[in-house]
Amino acid sequence: MIEILNSTLLDRAKDTGALVADILQTLRSRTAVGTNLLDIDRWTQAMILEAEAQSCYVDYAPSFGRGPFGHYVCTAVNDAVLHGRPYDYALADGDLLTLDLAVSRGGVAADAAISFLVGDARPAESVAMIETTERALAAGIAAAGPGARIGDLSHAIGTVLDAAGYAINTEFGGHGIGSTMHQDPHVANSGRPGRGYRLRPGLLLALEPWIMADTAQLVTDPDGWTLRSATGCRTAHSEHTIAITEDGAEILTLPSR
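For the sequence shown, the tail end lands on 736 under my numbering, and the numbers increase by one without skipping.
Laid out in structure tokens, this is it:
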């Protein structure tokens with residue numbers, strides 16, 4: 480299903496997007512060496528409920544997962560990259576943490592992810608990976624606008640990732656979003672320009688370049704959810720929800736403050 484939102488729903492999407500971004504920034508500011516992933520999940524739950532919003536994750540049970548996700552935020556550490564299920568782990572100095580959050584409010588969902596280093600350590604490879612996903616995300620957004628095709632966005636993202644020397648997995652990528660978290664069209668992180676669905680004003684997309692340092696192969700944890708690099712290498716992931724407008728694309732998941 481592909482949804483095209485009217486102006487009323489787009490206003491709600493902006494509200495939801497700002498909420499997602501604000502929660503992520505609050506979580507980042509609270510996270511330090513020794514923070515437990517389960518505490519991050521509890522903080523997220525409290526902020527969602529306080530905002531009178533709904534989690535897109537707690538009852539999420541797609542075909543690729545094992546039962547409902549059961550948590551409020553994805554917490555992926557180091558070699559984990561997608562669908563990181565929070566567990567009893569205290570973060571260490573230099574850990575690379577990705578927080579991925581999707582929330583619905585007013586009948587419209589928004590989805591975003593940030594990767595950052597915990598504590599004072601700044602491993603050069605990890606910094607480079609985070610910066611690469613952020614640059615690829617910016618390139619994908621710059622390619623978006625009315626009349627552009629999905630392949631144009633995929634090509635822009637993939638060009639940045641490939642130039643930085645990373646293998647690209649196209650099994651999981653960006654997606655349409657609206658009244659539900661995951662919708663068509665799929666936005667792979669590599670593709671051919673001029674191909675695929677033509678973008679229209681009112682379409683929402685969640686773009687999410689992610690990489691692994693030395694592989695494109697994923698393995699699934701025994702929890703049935705957490706996806707890790709097959710080699711144990713580090714990973715990074717950046718994501719924004721955008722709205723296609725008459726003039727281009729607007730990022731919805733920017734902090735309100």
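We treat Cβ as the ideally placed atom computed from N, Cα and C, and that holds for glycine.
Under the three-state reduction of DSSP, Val597 is assigned to coil, being neither helix nor strand. Rounded to the nearest angstrom, the Cβ distance from Arg679 to Pro625 is 6 angstroms, consistent with a contact under 8 angstroms. DSSP places Gly653 within a strand segment (E or B) once states are collapsed to three. When DSSP states are grouped into helix, strand and coil, His562 belongs to the coil group. Asp726 sits away from Tyr566, with the two beta carbons spaced by 9 angstroms or more.
Counting only residues of its own chain and dropping the five nearest sequence neighbours on each side, Pro547 has a CB closer than 8 angstroms to the CB of Val537, Asp538, Tyr539 and Ala540. Taking 9 angstroms as the cut-off, the beta carbon of Ala592 is found no closer than this to the beta carbon of Leu706.
Residue state for Thr611 is assigned as helix, using DSSP reduced to three classes. Here Ile481 is exposed. Its C-beta has fewer than 16 other C-beta atoms within 10 Å. Ranked by Cα distance from Glu610, the first of His665, Ile636, Ala588 and Val587 is Ile636. Each residue's CA atom was taken as its position, placing Ala571 and Ala709 some 22 angstroms apart. The alpha carbon of Leu503 has as its nearest neighbour, out of Asp520, Leu488 and Asn515, the alpha carbon of Asp520. Taken through DSSP and simplified to helix, strand or coil, Arg736 comes out as coil.
Taking C-beta separations shorter than 6 angstroms and ignoring five residues to either side along the sequence, the partners of Ser735 in its chain run Ala497 and Asp501, following chain order. As DSSP reads the structure, Trp522 sits in no beta bridge. Around the beta carbon of Glu531, a 10 Å sphere encloses fewer than 16 other beta carbons of the protein chains shown; the residue is thus reported as exposed.
About 6 angstroms separates the CB atoms of Leu686 and Ile721; that is less than 8 angstroms, so the two are in contact. For the pair Ala622 and His719, the Cα-to-Cα distance works out to about 14 angstroms.
When Val499, Thr514, Ser542 and Ala511 are compared, the shortest CA-CA separation from Ile527 is found for Val499. Going by beta carbons, Leu683 and Ile730 fall outside the 9 angstroms limit.
Excluding sequence positions up to five before and after Asp599, its CB lies within less than 7 angstroms of the CB of Asp572, all in the same chain and listed in chain order. Non-local beta-carbon contacts of Ile483 in its own chain, meaning distances under 7 angstroms to residues more than five positions away in sequence, involve Arg679, Gly681 and Leu682 in chain order. Bounds of any alpha helix (DSSP H) do not take in His661, whose DSSP letter is neither H nor E. Here the C-alpha atom of Trp522 lies approximately 10 angstroms from the C-alpha atom of Val552. Between Ser669 and Ala615, the alpha-carbon positions lie close to 11 angstroms from each other. DSSP places Asp590 in the strand class (E or B) of the three-state scheme.
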